[in-house]
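Numbering (this note's numbering), first residue to last: 11 to 351. I have placed the structure first, in the form of structure tokens, so that the comments after it can refer back to it.
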Amino acid sequence: MPQVIPMGKLQPEGIEHLGENFLKLIERHESLRTSFHMVDDAPMQKCHPAADVRFQFETLNIDSPGHLQDAVSRFVRPFELDRFPLMRAGLIITPSQYPNDFIIVDMHHIISDGISIGLLSGDFKALLRGETLPPLPVQYKDYAVWQTHPERGEFLARQEQFWLDLLEGDIPVMDLPVDYPRPERRSFAGNSVRFGLGGMGRRLRQLARDTDTTLFNVFLSIYSVFLSRLTGQEELVVGVPVANRRHADLQPLIGMFVNTLALRNYPTGQKSFRDFLEDVSTRTIEAFEHQEYPFDRLVEKLDIRRDAGHAALIDAIFSFQNLDIPDVEMEDLTLMPYAYR
């Protein structure tokens, strides 16, 4: 997700100061100076020394702030994974009569997740204020090595058994009604629908309090019931992305930690919604306790028949975005996420 930073009019010395701080960010986080290469038919991470980092803003000129979306669309483009940094930043310059120019930042998902965006904002804010950031306890490569350490074998074996037990037997394939024939191969073309809940949001929060659960579980239950009504199925597997940052040392790291959980729920007609919500809450807690088992390894273990027109194991995702991405306000600079479409 690109971020757009409205600013006052950019002066050469200000641009130089901003560039110096972006350089410090790349030097601080090894993930921002990582590239990926194929070695013996397997992808390998290469961390480049801080001394090799070269950084320069790209410049885009627009006639008015109304053309900001067009500039963002030109800026966001594919990365080459074997070239670092897998992050780019640009200056969007408006004519002199407008009060703001903009900075835009884009990162490849392979080196960052949603939490990373908030971390980038916080680190950038601290550096602009001249603060000294504390040393990072570990880097992303340390996490990657730890994932494959032999001592984790028994722990992952217990996690694996949980998921194999949960998904034993025939796994339901979601029979969603579609407007067009399903393509032979998956396509990522799609659209989005945005809407607000108005006063219903308060009622749903109250329901979560009354049932001693979370808003996440309330929405997941509603989503599951909705899918059940669409498909006519009373057994569903829904994918849920999780942050997967359970160790304190991982909290300040920019990197890709997200895993996907396959939650199996049963929205049967015999249950009241509150009973179903209680069931979902219990299953979700158990699943989150076993969130470190890699989804791709689970798919391999289940030996699911692959279909080029379907995703493996799950056909629907529930993503509850409660990311801590702070707005950063300092003098004439405001940093906030940008709703790129």
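Quick reminder that beta carbons are idealized off the backbone N, C-alpha and C, glycines included.
Cα-Cα separation between residue i and residue j, rounded to whole angstroms
{"i": "R256", "j": "Q107", "result": "49 Å"}
{"i": "R84", "j": "F112", "result": "14 Å"}
{"i": "K311", "j": "H27", "result": "51 Å"}
{"i": "L130", "j": "L225", "result": "27 Å"}
{"i": "F298", "j": "V290", "result": "12 Å"}
{"i": "S234", "j": "T278", "result": "10 Å"}
{"i": "M184", "j": "L214", "result": "27 Å"}
{"i": "I114", "j": "R162", "result": "40 Å"}
{"i": "P160", "j": "R168", "result": "14 Å"}
{"i": "P95", "j": "N275", "result": "41 Å"}
{"i": "D313", "j": "G132", "result": "42 Å"}
{"i": "D175", "j": "G249", "result": "17 Å"}
{"i": "P191", "j": "F198", "result": "15 Å"}
{"i": "D51", "j": "L207", "result": "48 Å"}
{"i": "I181", "j": "K281", "result": "21 Å"}
{"i": "F236", "j": "L186", "result": "11 Å"}
{"i": "P144", "j": "I36", "result": "15 Å"}
{"i": "F165", "j": "R239", "result": "38 Å"}
{"i": "V14", "j": "E23", "result": "20 Å"}
{"i": "Q157", "j": "T142", "result": "30 Å"}
{"i": "F134", "j": "G140", "result": "10 Å"}
{"i": "M1", "j": "V247", "result": "Given that the chain is displayed from residue 11 to residue 351, the structure contains no residue 1 and the question cannot be resolved."}
Neighbourhood of residue i by C-beta distance below 6 Å, restricted to the same chain and skipping five residues each side
{"i": "R219", "result": "none"}
{"i": "D325", "result": "M184"}
{"i": "I327", "result": "G249"}
{"i": "R64", "result": "none"}
Bridge partners - residue i, DSSP secondary structure assignment
{"i": "G2", "result": "No statement about residue 2 is possible, as the shown extent of the chain runs from 11 to 351 and does not include it."}
Residue nearest to residue i in terms of C-alpha spacing, selected from the options
{"i": "F305", "options": "V148, H47 and E170", "result": "E170"}
{"i": "D152", "options": "H39, A99 and F198", "result": "H39"}
{"i": "F229", "options": "F32, L101, E164 and S329", "result": "S329"}
{"i": "T270", "options": "Y303, F65, C57 and P53", "result": "Y303"}
{"i": "P105", "options": "L217, L20 and P88", "result": "L20"}
{"i": "P251", "options": "T294, K281 and E164", "result": "T294"}
{"i": "E244", "options": "F286, A272 and M210", "result": "F286"}
{"i": "A61", "options": "L308, L78, R43 and S74", "result": "R43"}
{"i": "M48", "options": "I327, E90, P22 and F205", "result": "E90"}
{"i": "G29", "options": "R274, A99, V14 and W156", "result": "A99"}
{"i": "Q66", "options": "D50, A199, F32 and H77", "result": "F32"}
{"i": "A258", "options": "G209, V148, A52 and I232", "result": "V148"}
{"i": "V188", "options": "D180, I181 and G200", "result": "G200"}
{"i": "P88", "options": "I102, R139 and H118", "result": "H118"}
{"i": "R307", "options": "C57, R139 and A272", "result": "A272"}
{"i": "T292", "options": "L146, P262, S231 and A52", "result": "S231"}
{"i": "Q301", "options": "D80, F172 and P22", "result": "F172"}
{"i": "T69", "options": "G209, H58, C57 and V82", "result": "V82"}
{"i": "I102", "options": "L263, N71 and G209", "result": "N71"}
{"i": "E178", "options": "V309, R64 and I264", "result": "V309"}
{"i": "L146", "options": "K56, I25 and I264", "result": "I264"}
Same chain, Cβ closer than 8 Å to residue i, five either side skipped, listed in chain order
{"i": "K34", "result": "L137"}
{"i": "F267", "result": "D123, I125, Y153, A253, N254, R255 and L260"}
{"i": "I120", "result": "F46, L91, L96 and M266"}
{"i": "Q331", "result": "G124"}
{"i": "R93", "result": "S45"}
{"i": "G242", "result": "D185"}
Same chain, Cβ closer than 7 Å to residue i, neighbours up to 5 away in sequence not counted
{"i": "R284", "result": "T221"}
{"i": "R316", "result": "A322"}
{"i": "L217", "result": "V228"}
{"i": "Q55", "result": "T44, F46, K151 and A154"}
Residue i: CB within 7 Å of a non-hydrogen atom of the ligand ADP
{"i": "I36", "result": "Ligands displayed in this structure: none; no statement on the ligand ADP is therefore possible."}
In chain order, what are the residue ranges of uninterrupted beta strand (DSSP E) at least 3 long that sit wholly in the region 261 to 333?
269 to 275
Let me know the beta strand (DSSP E) ranges lying completely inside the region 94 to 147, each 3 residues or longer, listed in chain order.
97 to 103 and 111 to 117
In chain order, what are the residue ranges of uninterrupted beta strand (DSSP E) at least 3 long that sit wholly in the region 35 to 76?
44 to 49, 52 to 57 and 68 to 71
Length-filtered (4 minimum) alpha helix (DSSP H) runs lying within the region 168 to 249:
210 to 220 and 225 to 241
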